[in-house]
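Notes for the one structure printed next.
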Amino acid sequence: MSAHGARSIILVSGMAVLSGCVGVDTAVMFTTDNLGVNISPTPTPTAEIGFSRQEGVIAPALENGAVIPGAASVYHSVPTFLPLATESGAVFAGGQAAAQLLTEPGGTAGDAKACISRAPTDSSGHPVITSGKARPMFFGTTTSIGFRISIPNPSGDVPFPNVHLGYKRNEAAIAPVSGKPDGCADDAAGNKYAVYVPSFLAVIRNTAGQQPGAGVQGNVNGSFNVGQVFATGIAATEAARLPAIGESFRIAAGQTAQGATGTNLQVVTVVPKQLNDRQRRAAEVVKALDQAKTDRLAALLGIPQGPGAQIEILKAIAAVTTTTQFEPLAARIKAVSGEDV
1135 MSAHGARSII LVSGMAVLSG CVGVDTAVMF TTDNLGVNIS PTPTPTAEIG
1185 FSRQEGVIAP ALENGAVIPG AASVYHSVPT FLPLATESGA VFAGGQAAAQ
1235 LLTEPGGTAG DAKACISRAP TDSSGHPVIT SGKARPMFFG TTTSIGFRIS
1285 IPNPSGDVPF PNVHLGYKRN EAAIAPVSGK PDGCADDAAG NKYAVYVPSF
1335 LAVIRNTAGQ QPGAGVQGNV NGSFNVGQVF ATGIAATEAA RLPAIGESFR
1385 IAAGQTAQGA TGTNLQVVTV VPKQLNDRQR RAAEVVKALD QAKTDRLAAL
1435 LGIPQGPGAQ IEILKAIAAV TTTTQFEPLA ARIKAVSGED V
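To get the working numbering, take the position in the sequence shown, counting from 1, and add 1134.
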């Protein structure tokens, strides 16, 4: 484990101690993710080049193996060494939002609460969860994409700067564990006592690539887009129902298509990597068609023929987000080109 990861664990654990008994009446979940170059002098000198990630959870293990749901996923696609040429995505969730993530669109999510026979107690028989008591919750993320350098303090604890180039993200939640005596009235095993944590969700997607027309005088040479979602409570649960966010978690090799426009709260469209590869292949085939075949394909797709037909066909390919949508398009491309896509 890197020093950066160790520092994150110490920080999160320290905060959790202040808010309750870690792993008993308080659940702690964290991730640290680094892609690129990371040089840190604290708490011990560390130099990382490449990819590193730490994930951890400290939560109560209840009777019959029941635990509180939590989920995290990450995805990086690095076509070159340059950190800003990276496509990345991460999902971090707990409670009902975590249960919702693995639910197919239109399906019914599993219940996030753990059902046990009675209120849990410690080794001395004392209750560890108090009903009806308000307790603090911490949920936060930090993200750095690009180049970052901290200002050193020669006379303090950090005499040397922290330097980072690339993608870096920390996610942490310290959530109080709550109980409800009659919260599991419908449990098949007859367990009545419900144990649960608040719902929370954080999502980030970033893409970077060449802009259409890059290299032409007066045009920019690339694009960099970021979309983020950060929510708690019912907002987190409802956000987790969105197909794009669920797909982002279910497909570990997912990839952002279009979506982010620079706002810091936006749901982005996610497509499976296999489908994205087929889209790229389809685009290559379309670009190789002569004008006559391009017009023929445009007619099959209901797109106006002419000089702008190729661009409109490429837009139609990029707009596809499911295999079901892509198959009819692929069949028409093959009918005209003779190529499988």
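Heads up, the beta-carbon is just placed ideally off N, CA and C, and yes, glycines get one too.
Source: prediction; values computed, not measured.
Environment of residue i [buried if 16+ CB atoms lie within 10 Å]
i: Arg1252; result: exposed
i: Gln1477; result: The question about residue 1477 has no answer here: the residues shown for the chain are numbered 1135 through 1475.
i: Glu1461; result: exposed
i: Asp1167; result: buried
i: Asp1320; result: exposed
i: Val1354; result: Low per-residue confidence applies at Val1354: pLDDT is 45, beneath 50, and the placement is therefore not dependable, though the value from the model is reported in the following sentence. Classification for Val1354: exposed.
i: Gly1440; result: exposed
i: Ser1258; result: exposed
i: Ile1183; result: exposed
i: Ala1394; result: Unreliable positioning characterises Ala1394 in this predicted model, as indicated by a pLDDT of 32, which lies under 50. The coordinate reading is nonetheless provided below. Buried is the call here.
i: Thr1160; result: buried
i: Asp1429; result: buried
i: Gly1317; result: buried
i: Ala1246; result: buried
Spatial distance of residue i from residue j (CA atoms)
i: Lys1421; j: His1210; result: 28 angstroms
i: Ile1368; j: Ile1338; result: 19 angstroms
i: Arg1476; j: Ala1306; result: Absent from the model: residue 1476. The displayed extent of the chain is 1135 to 1475, so no value can be given.
i: Leu1435; j: Ala1370; result: 39 angstroms
i: Ala1374; j: Val1331; result: 16 angstroms
i: Arg1282; j: Val1297; result: 6 angstroms
i: Thr1456; j: Gln1230; result: 26 angstroms
i: Ala1323; j: Gly1313; result: 18 angstroms
i: Asn1359; j: Lys1326; result: 47 angstroms
i: Asp1474; j: Val1419; result: 9 angstroms
i: Ser1284; j: Ile1308; result: 26 angstroms
i: Ala1452; j: Arg1466; result: 15 angstroms
i: Leu1169; j: Ile1279; result: 9 angstroms
i: Pro1261; j: Gly1204; result: 24 angstroms
i: Ile1263; j: Thr1366; result: 21 angstroms
i: Ala1193; j: Val1171; result: 32 angstroms
i: Gly1442; j: Phe1185; result: 42 angstroms
i: Gly1274; j: Phe1294; result: 26 angstroms
i: Leu1196; j: Phe1334; result: 21 angstroms
i: Ala1433; j: Ala1426; result: 11 angstroms
i: Arg1415; j: Glu1446; result: 16 angstroms
i: Val1350; j: Leu1299; result: Reliability fails at Val1350, whose pLDDT of 41 lies under 50, so the model's placement of it is uncertain and the value that follows must be treated cautiously. Cα to Cα, Val1350 sits roughly 28 angstroms from Leu1299.
i: Arg1187; j: Phe1272; result: 21 angstroms
i: Phe1383; j: Val1208; result: 8 angstroms
i: Pro1175; j: Val1191; result: 26 angstroms
Host beta strand (DSSP E) of residue i (start-end)
i: Leu1169; result: Thr1160 to Ser1174
i: Gly1190; result: Thr1180 to Ile1192
i: Ala1306; result: Val1297 to Pro1310
i: Gly1504; result: Residue 1504 cannot be examined here, being either before or after the span of the chain that is shown, 1135 to 1475.
i: Thr1275; result: Phe1272 to Ile1283
i: Val1329; result: Tyr1327 to Tyr1330
i: Ala1322; result: Counting along the chain, Ala1322 falls outside any beta strand (DSSP E), and DSSP gives it neither H nor E.
i: Ala1248; result: Ala1248 to Ile1250
Residues of its chain near residue i, where Cβ-Cβ distance is below 6 angstroms and the 5 sequence neighbours each way are ignored
i: Phe1364; result: Ala1336
i: Ala1243; result: Ala1233, Gln1234 and Thr1237
i: Gly1380; result: Leu1235
i: Ala1269; result: Note on residue identity: the sequence assigns Arg, not Ala, to residue 1269. Hits under 6 angstroms: Pro1310.
i: Ile1173; result: Ala1181 and Val1297
i: Ser1222; result: His1210, Tyr1301 and Asn1340
i: Thr1276; result: Asn1304
i: Pro1346; result: Residue confidence for Pro1346 is low, a pLDDT of 45 falling below 50, so the modelled location carries little weight and cannot support an answer.
Boundaries of the alpha helix (DSSP H) in which residue i is found, first to last residue
i: Gly1259; result: Where Gly1259 is concerned, there is no enclosing alpha helix (DSSP H), given that its DSSP letter is neither H nor E.
i: Ile1368; result: Gly1367 to Ala1374
Contacting residues, own chain, Cβ-Cβ under 8 angstroms from residue i (five flanking each side not counted)
i: Leu1509; result: With the chain covering 1135 to 1475 only, the question about residue 1509 has no answer from this structure.
i: Ala1206; result: Met1163, Thr1165, Glu1189, Ala1224, Val1225, Phe1226, Ala1227 and Glu1305
i: Ala1450; result: Leu1435, Ile1437 and Leu1463
i: Lys1468; result: Asp1474 and Val1475
i: Ala1248; result: Leu1196, Ala1200, Val1201, Ile1202, Ala1328, Val1329 and Tyr1330
i: Thr1255; result: Pro1261 and Val1262
7 angstroms Cβ shell around residue i - same chain, five flanking residues per side excluded
i: Leu1448; result: Ala1417 and Val1420
beta-carbon residue i near the ligand MN non-hydrogen atom, thresh 7 angstroms
i: Thr1180; result: Questions concerning the ligand MN fall outside what the structure shown contains, since it holds no ligand whatsoever.
Secondary structure, alpha helix (DSSP H): runs of 4+ residues fully inside the region 1425-1458: Counting only runs of 4 or more, we get 1425-1435 and 1443-1452.
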